[in-house]
RNA sequence: AGGGGCGUAGCCAAGCGGUAAGGCACCGGUUUUUGGUGCCGGCAUUCGCAGGUUCGAAUCCUGCCGCCCCUGCCA
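Residue numbers (the working numbering): 7 to 567.
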């Protein structure tokens, strides 16, 4: 009798959707949308939203739109819409025919603004930005009404039309909703609906010199598209009454807005503004710098869409502010890559080993397993010879008790090769170890001793004459603080950047198998971690990014002392 | 004269009146030609705090405390 493992209930959003489907609220249809502003690259926080919105659409047989909320021509660029599309696709989602732009709705939105003016629900205000702020009041005090609030419908219509015609300067006038200057919710204190921006828009060009605000666009865009569940982050909770007010006055379909807590990650900054700064100030090599929490950064680093999707599914969806430990994401990557990554041997910090009793000039090929977790991955040949490289840290002249690896007089296994015993550590004049001399046991070919004797360690290695040189880039957290976002406002967050977030290793030695590594190819360097061939690789000069290390219990033992 | 949210383990997170799921992390053990993987086991007498209702409360009520968001012509 197999016992059913207790299953988690659906998250609160899916619970709402299931309830809606049960009651037939939307006739069983589920339409969501992912609505980015094309003013930057997507990051892991967006991935949570993408997985949620597209995931729900798939799960409930609905659909998810990709809509660009491009209402601010001052910040938006075509480059960003292309990158966003690429990243959503890479994550494994498909919007089908449903690619939209809020800017496609500008005429309709304009007509709705006219309708609100005619209804006496909107007015053209001549206050400047500072004055509007003053009139708005504070969190604890009500605002006061604009002196232009009671203009006639005719005058408002005339002024608004002339705003559209370009008769007025930027900032000189705005269109505002006439709601309630004493509302406790500040969003309802006669919010701005349209502003004058004499800027070319990446899609509508110079068709417009007035642009609707996000607040006067988002809800209607959802409405036009027939969105049923408009899923967004917590900070928009206060805006919901405003969206409802607009839709009520317009008399249009009301999507149901549901807010969830955005993703935060330890040692990571997910504010778009700050990511833009990192790129613009050259503190990283670009949006896809492998240290960046952007989707393209993770992609270049060696993360897989599967791992990111798995992560997004496992962290859950709720309304409580939360910060996920970055280790959780790393765990999801390891779990995915453990099953699929080709194993390979590469020595990051090489020290030469001479097998003194191995015939000079002799070479042989040994069989290596490509992936012990996947039988179909097959085998490959690895060359062996008298001179090898092993990892410098795998040898200790005077090892502590729990060090199992090579040391004078100790026998270890070279993976898939032979047992070797260290006979001498050759030093230079300064006393640095520059070479190890060992003997091998020919009877242990392949890695097993016929007499059944055991060794406590298996080392990875590379044959010196066959090795190819590689550059390896190691990455650490971009920030030294666990919660970089919570730095006091009077301090510069850039002080928290980790000066050691990137370590470039040159002269690493890899087995010849890696010679033709294609950019994007993923490998497990045995005992070292998961690595991704970088696009900076040149023929014969591969470059690898370390996506993440392997779990390392020895490192933990060492730390404990 | 403020409004809107949220508090279950180190980090996430189920639970929705019947006596604290699961994952990550951590700690043991075991397997292992990766100190990897896998496998087995441990890890909240208690759900922000205090009262109350009830045979019974993380779940209901009251009060308090703490944290987050809101005063862009950003999204």
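Every residue, glycine too, gets a C-beta built ideally from N, C-alpha and C.
Looking at the strands, I want to know which residues DSSP matches up with residue i.
i: residue 465; result: 420
i: residue 447; result: 425
i: residue 332; result: Residue 332 pairs with nothing; no bridge assigned.
i: residue 600; result: The chain is shown from 7 up to 567; residue 600 falls before or after that span and cannot be answered.
i: residue 356; result: 397
i: residue 370; result: 390
i: residue 207; result: 211
i: residue 69; result: 37
Considering only residues of the same chain and omitting the five flanking positions on each side of residue i, which have a CB-CB separation below 6 Å?
i: residue 188; result: 148
i: residue 555; result: 535
i: residue 60; result: 70 and 99
i: residue 312; result: 342
i: residue 387; result: 371
i: residue 228; result: 236 and 261
i: residue 391; result: 369, 469 and 471
i: residue 310; result: 342
i: residue 330; result: 271 and 321
i: residue 282; result: 46
i: residue 5; result: Outside the shown range of the chain (7 to 567) lies residue 5, about which nothing can therefore be said.
Return the chain-ordered list of same chain residues with a C-beta closer than 8 Å to the C-beta of residue i, the five sequence neighbours on each side being excluded.
i: residue 515; result: 352, 353, 356, 395, 468, 470, 473, 474, 475 and 476
i: residue 537; result: 308, 352, 478, 528, 529, 530, 531, 550, 551, 552 and 553
i: residue 7; result: Low per-residue confidence applies at residue 7: pLDDT is 33, beneath 50, and the placement is therefore not dependable, though the value from the model is reported in the following sentence. Nothing listed; no residue qualifies.
i: residue 11; result: For residue 11, the predicted model reports a pLDDT of 45, less than 50, meaning its position is unreliable and no value from the coordinates is stated.
i: residue 521; result: 474, 546 and 548
i: residue 518; result: 389, 472, 473 and 474
i: residue 207; result: 76, 79, 82, 109, 213, 214 and 217
i: residue 338; result: 313, 314, 316, 317 and 320
i: residue 65; result: 20
i: residue 350; result: 516, 517, 519, 520, 529, 530, 531 and 532
Below 7 Å between beta carbons: does that hold for residue i and residue j?
i: residue 182; j: residue 129; result: yes
i: residue 422; j: residue 384; result: no
i: residue 297; j: residue 55; result: no
i: residue 267; j: residue 325; result: yes
i: residue 205; j: residue 127; result: no
i: residue 116; j: residue 230; result: no
i: residue 107; j: residue 74; result: yes
i: residue 412; j: residue 401; result: yes
i: residue 166; j: residue 202; result: no
i: residue 502; j: residue 487; result: yes
i: residue 418; j: residue 461; result: yes
i: residue 37; j: residue 68; result: yes
So residue i and residue j are supposed to be a Cβ contact under 8 Å. How far apart are they, rounded?
i: residue 233; j: residue 20; result: Rounded, the Cβ-Cβ distance is 16 Å, inconsistent with contact.
i: residue 509; j: residue 480; result: 4 Å
i: residue 300; j: residue 47; result: 5 Å
i: residue 305; j: residue 101; result: Between residue 101 and residue 305 the Cβ distance is about 19 Å, and since that is not below 8 Å, they are no contact.
i: residue 51; j: residue 276; result: 5 Å
i: residue 180; j: residue 131; result: 5 Å
Looking only at its chain, what residues have a beta carbon closer than 7 Å to the beta carbon of residue i, apart from the 5 residues adjacent to it on each side?
i: residue 244; result: 191 and 193
i: residue 24; result: 16
i: residue 29; result: none
i: residue 77; result: 108, 217, 218, 219, 220 and 223
i: residue 53; result: 97, 301, 314 and 318
i: residue 9; result: Bear in mind that the predicted position of residue 9 carries a pLDDT of just 37, short of 50, making it unreliable; the figure below should be weighed with that in mind. Around residue 9: no qualifying Cβ.
Return yes when the C-beta of residue i is under 6 Å from any heavy atom of the ligand NAD, and no when it is not.
i: residue 263; result: The ligand NAD is not part of the structure shown, which contains no ligands of any sort.
Stretch pair the stretch 469-483 + the stretch 541-548: three plus CB contacts closer than 8 Å: Output reads yes: the stretch 541-548 touches the stretch 469-483.
The stretch 429-443 contacting the stretch 353-365, beta-carbon criterion three pairs below 8 Å: yes
Sufficient close CB pairs (3 or more, under 8 Å) joining the stretch 74-83 to the stretch 28-44: Contact holds: three or more Cβ-Cβ distances are below 8 Å.
Touch test, the stretch 244-260 against the stretch 221-228, Cβ-Cβ under 8 Å, three pairs minimum: Two segments are said to touch when three or more pairs of C-beta atoms, one from each, lie closer than 8 Å; by this definition the stretch 244-260 touches the stretch 221-228.
Stretch-stretch touch, CB-based, cutoff 8 Å, three pairs: the stretch 281-293 with the stretch 311-326: They do not touch, by the three-pair rule.
Stretch pair the stretch 332-347 + the stretch 374-381: three plus CB contacts closer than 8 Å: Inter-segment contact for the stretch 332-347 and the stretch 374-381 is present: three or more beta-carbon pairs are separated by less than 8 Å.
The stretch 134-151 touching the stretch 159-168, judged by at least three CB pairs closer than 8 Å: No, the stretch 134-151 does not touch the stretch 159-168.
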